[in-house]
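Student:
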Amino acid sequence: MESRLRNAGLVPVAASAVLAAALAGCHPLSAQEDAQQKIRDCAALADAYLDPHWTPRQVTGAYPAADGVDAVITANGLQVTVSCSVEAGDYTHVLGALTTIQGAQPAPGQLYLPAQHRWLTDDELQTRLAGLLAPQPGEYAGASWAPNPPGVYTVSDLAGVPSTACFTLQSKLEPARQLVACQVAARHRYWVSQGLMTFELGAAPAGLPAIPPAPPADLATQPGGAPR
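Numbering that gives the first Met the number 0 puts the sequence shown at residues 0 to 227.
(1) If Pro215 sits next to Leu178, beta carbons under 8 Å apart, how far is it from one beta carbon to the other, in whole angstroms?
(2) Where does the unbroken beta strand (DSSP E) through Gly130 begin, and where does it stop?
(3) Should Asp40 go down as buried or exposed, given a rule of 16 or more other Cβ atoms within 10 Å for buried?
(4) Would you kindly report the start and end of the unbroken beta strand (DSSP E) that includes Ile100?
(5) Indicate whether Val154 and Thr98 have their beta-carbon atoms separated by less than 9 Å.
(6) Sorted by chain position, which residues of the same chain lie with C-beta nearer than 8 Å to Ser143's C-beta, five sequence neighbours on each side aside?
(7) Tell me whether Arg176 is buried or exposed, calling it buried when 16 or more other Cβ atoms sit within 10 Å of its Cβ.
(8) For Leu195, which option in Ala205, Val151 and Gly67 has the closest C-alpha, if you only look at C-alpha atoms?
(9) Of all the options Tyr90, His92 and Ala103, which has the alpha carbon lying nearest to the alpha carbon of Val79?
(10) Find the nearest neighbour of Gly60 within the set His52, Ala45, Tyr90 and Gln35, judged by alpha-carbon distance.
(11) Taking C-beta to C-beta, are Val81 and Lys37 nearer than 9 Å?
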């Protein structure tokens with residue numbers, strides 16, 4: 000299967016630019032205020048990847064830094080260093096994506112545990128993903144299967160099939176969450192997908208509608224127009 004470039008970080012956030020624009024009419028940000036805002040916003044991007052019990056937190060940091068923005072988050076006598084990219088525009092520099100926590104790029108759904116100086120183990124990560132993504136009773140009831148968009152490969156690459164071999168059901172509880180079924184040989188495998196997080200189910204949830212047959216692979220939808 001040919002490789003594709005992936006955005007493994009969070010979606011770039013322009014919080015600093017939005018705030019600067021909102022304040023431009025009455026109080027343009029000074030260079031120091033802009034730097035402090037970028038540091039705080041960078042630290043905020045790390046929240047989803049840090050132990051929620053590690054509080055209260057204080058933030059310091061540096062901007063500009065070699066990696067863009069460096070934020071240092073401190074709580075209970077422990078420090079965690081976070082880095083974010085900065086996207087340069089014609090006249091502005093906008094906070095981009097979270098790049099590293101403690102020098103490592105976090106995987107989707109991961110948590111860093113500062114008190115233990117470690118990330119979740121693979122088993123712990125799977126347990127956390129199951130808690131976040133496992134289908135709830137009736138979550139997909141009454142929904143209809145929709146073809147997976149040809150250019151979305153998040154789950155189809157895990158299944159090792161073309162993207163058109165997968166179909167999706169929309170969650171009733173979370174707009175960003177979908178149940179994805181991919182035809183693999185003579186059977187289907189099931190994942191729940193939310194943003195960059197994915198979790199494979201051992202079996203299909205009860206009460207699902209019949210899954211349409213996967214169409215023949217359309218080479219026009221494959222990168223480069225060649226079989227993967």
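Think of the CB as a built atom: it goes at the ideal place given N, C-alpha and C, for glycine as much as any other residue.
Tutor: Let me spell this out:
(1) Contact doesn't hold; Cβ gap of about 24 Å is too wide.
(2) Per DSSP, Gly130 is not a residue of any beta strand (DSSP E); the alpha helix (DSSP H) it occupies stretches across Asp121 to Leu132.
(3) Counting other Cβ atoms within 10 Å of its Cβ, Asp40 reaches 16 or more and is therefore classed as buried.
(4) Element bounds for Ile100: His92 to Ile100.
(5) Taking C-beta atoms as the reference points, Val154 and Thr98 fail to come closer than 9 Å.
(6) Leu168 and Pro208, listed in sequence order.
(7) It is buried - the Cβ of Arg176 has at least 16 other Cβ atoms within 10 Å.
(8) Residue Val151 is the option with its Cα nearest to Leu195.
(9) Of the residues Tyr90, His92 and Ala103, the one whose Cα lies closest to the Cα of Val79 is Ala103.
(10) Of the listed residues, the one whose Cα sits closest to Gly60 is Gln35.
(11) Their beta carbons are not under 9 Å apart, which means Val81 does not touch Lys37 by this criterion.
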